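Asks:
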Ligand SMILES: O=C(O)COP(=O)(O)O
Ligand SMILES: [Mg+2]
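In the numbering used here, the protein residues as written are 18 to 244.
Encoded structure:
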């Protein structure tokens, strides 16, 4: 990709911050299984994978809020958000890593990026109780010097705080890093923090067209980071 290679040529690119769900990992099958197991526990109707894909990206509390809002329409008795979220966490704990898959080329591409000396971090809105295990289950742990989850700091994406925290952690300037993500939360976080971004078009983005996001570049396969 022109953007990444030109950044590399003038040696200004020193680190890449990656989103997790919808960027590195097709996590929707695990999340959907956990959501539907939670709904089953409360005798509620299952929801489709397609709908769940639209609700991923703002963290688990928001995902469960969207699931309950959807159920509201059928006028059934609903558990509280707190109980539904606790049940979802219990279910996600059981299924995580079982049905999710890395997108094509993720391991090979991260291996090359690491070998050329780039520092890498994960900045996800996933709750911190799950992120390390998810990374481990998919052989991703070794690539990342820093992992920030949705509840690691006082604010999550699209707030710029996680990116600002990562910049300080690596002691880098804004022009030294790029954010790679699939959704409006990632691209807005990058724009809010004043760093460049690359949007992958194969993720979730709440069912909206990722080409409409104001990223510096769009890629259709993860390995295009190396083109
Ligand atoms: O919404 C989530 O739980 C995770 O989303 P992210 O990894 O795409 O930030
Ligand atoms: Mg994402």
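From the three backbone atoms N, C-alpha and C, an ideal C-beta is built for every residue, glycine too.
Remember, predicted model here, so these are calculated numbers, not experimental data.
Three-state secondary structure (DSSP) at residue 226?
Replies: If DSSP states are grouped into helix, strand and coil, residue 226 belongs with coil.
Asks: Please confirm if the stretch 40-55 is in contact with the stretch 105-113, defined as three or more CB-CB distances below 8 Å between the two stretches.
Replies: Under the Cβ criterion (8 Å, minimum of three pairs), the stretch 40-55 counts as touching the stretch 105-113.
Asks: Which one of 224, 225, 192 has the shortest CA to CA distance from residue 233?
Replies: 192
Asks: If I measure Cβ to Cβ from residue 142 and keep anything under 7 Å in the same chain, skipping five residues before and after, which residues do I get?
Replies: For residue 142, where only same-chain residues beyond five positions count, the Cβ hits under 7 Å are 74, 75, 76, 167, 173, 174, 202.
Asks: Leaving out the 5 sequence neighbours to the left and right, which residues in its chain are closer than 7 Å to residue 117 when beta-carbon positions are compared?
Replies: 42, 43, 44, 46, 47
Asks: Determine, using beta-carbon pairs with one atom in the stretch 203-213 and one in the stretch 223-237, whether at least three such pairs fall under 8 Å.
Replies: yes
Asks: Spatial neighbours of residue 119 within its chain, please: C-beta separation below 7 Å, excluding the five flanking residues on both sides.
Replies: 41, 42, 155
Asks: In the structure shown, what three-state DSSP assignment does residue 205 receive?
Replies: helix
Asks: Hey, how far is the Cα of residue 68 from the Cα of residue 176?
Replies: 25 Å
Asks: What alpha helix (DSSP H) runs, 4 residues minimum, are completely inside the stretch 169-195?
Replies: 178-187
Asks: Taking the alpha carbon of residue 214 as the point to measure from, which residue in 107, 122, 198 has its own alpha carbon closest?
Replies: For residue 214, the nearest C-alpha among the options comes from 198.
Asks: Using only CA atoms, which one of 97, 29, 101 lies nearest to residue 57?
Replies: 101
Asks: Exposed or buried, residue 129, counting other C-beta atoms within 10 Å across all chains shown (16 or more means buried)?
Replies: exposed
Asks: With burial defined as no fewer than 16 other Cβ atoms inside 10 Å of the residue's Cβ, what is the status of residue 196: buried or exposed?
Replies: Buried.
Asks: Grouping DSSP H, G and I as helix and E and B as strand, with all else coil, what is residue 42?
Replies: DSSP places residue 42 in strand when its eight states are reduced to three.
Asks: According to DSSP, is residue 55 helix, strand or coil?
Replies: Looking at residue 55 - three-state DSSP - the assignment turns out to be helix.
Asks: Counting along the chain, where does the beta strand (DSSP E) carrying residue 243 start and finish?
Replies: No beta strand (DSSP E) holds residue 243; DSSP gives it neither H nor E.
Asks: Need the endpoints of the alpha helix (DSSP H) that residue 232 sits in, please.
Replies: It is not in any alpha helix (DSSP H) - residue 232 carries neither H nor E in the DSSP assignment.
Asks: Using the Cα positions of residue 187 and residue 171, report the straight-line distance between them to the nearest angstrom.
Replies: 19 Å
Asks: Heavy atom of ligand 1 less than 7 Å from the Cβ of residue 215, yes or no?
Replies: Because no heavy atom of ligand 1 lies under 7 Å away, the Cβ of residue 215 does not count as near it: no.
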